[in-house]
Amino acid sequence: MEKETTLIVDPRGRVIHLPSTLCLDLAVKGPSAYLDAPQTTIQEPACMIELSDQELFYFRSVDWNLTLLIRVVFREGIWVATACMENPEPGFIQEQLKEGTFIAGSALG
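If you're matching positions, the sequence shown starts at 334 in my numbering and goes up one per residue.
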């Protein structure tokens, strides 16, 4: 039986619940390395954008032609990944940066 949620610890010590149904298209689109891409994006992001103390994004380049932006929200006492965006539009990222705080991956280690 497959797990419905994977628990991942981010660089700040948050335990993130990653639903197995999130980012399903990655397995179809590319090599098997893409299967771990959402988990790696949360564990070792290139950067994070904190919109509030209850919402943030993790961003990472997975391959030459693939970047991931994963949205996480704090609900009912747990952090849950709610969206997985492949190759998000630069305008969308700029909007989030205007509203939130940019945290470089190098500052997380």
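Heads up, the beta-carbon is just placed ideally off N, CA and C, and yes, glycines get one too.
Excluding the 5 residues preceding and the 5 following residue 349 in the sequence, name in chain order all residues of the same chain whose CB lies nearer than 8 Å to its CB. Excluding sequence positions up to five before and after residue 349, its CB lies within less than 8 Å of the CB of 340, 341, 342, 343, 375, 405, 412, 413 and 414, all in the same chain and listed in chain order.
Need the endpoints of the alpha helix (DSSP H) that residue 428 sits in, please. Segment 423-432, the alpha helix (DSSP H) holding residue 428.
Top-ranked residue by Cα proximity to residue 416, from 427, 347 and 356: Its Cα nearest to that of residue 416, the residue 356 stands out among 427, 347 and 356.
Find the nearest neighbour of residue 421 within the set 389, 347, 387 and 400, judged by alpha-carbon distance. It is 400 whose Cα lies nearest to the Cα of residue 421.
By DSSP, does residue 371 sit in helix, in strand, or in coil? Under the three-state reduction of DSSP output, residue 371 falls in the helix class.
DSSP state of residue 379, grouped into three classes? Coil.
Coarse secondary structure for residue 353, derived from DSSP in three states: DSSP places residue 353 in coil when its eight states are reduced to three.
Taking 8 Å as the cut-off, decide whether the C-beta atoms of residue 380 and residue 433 are in contact. Contact: no.
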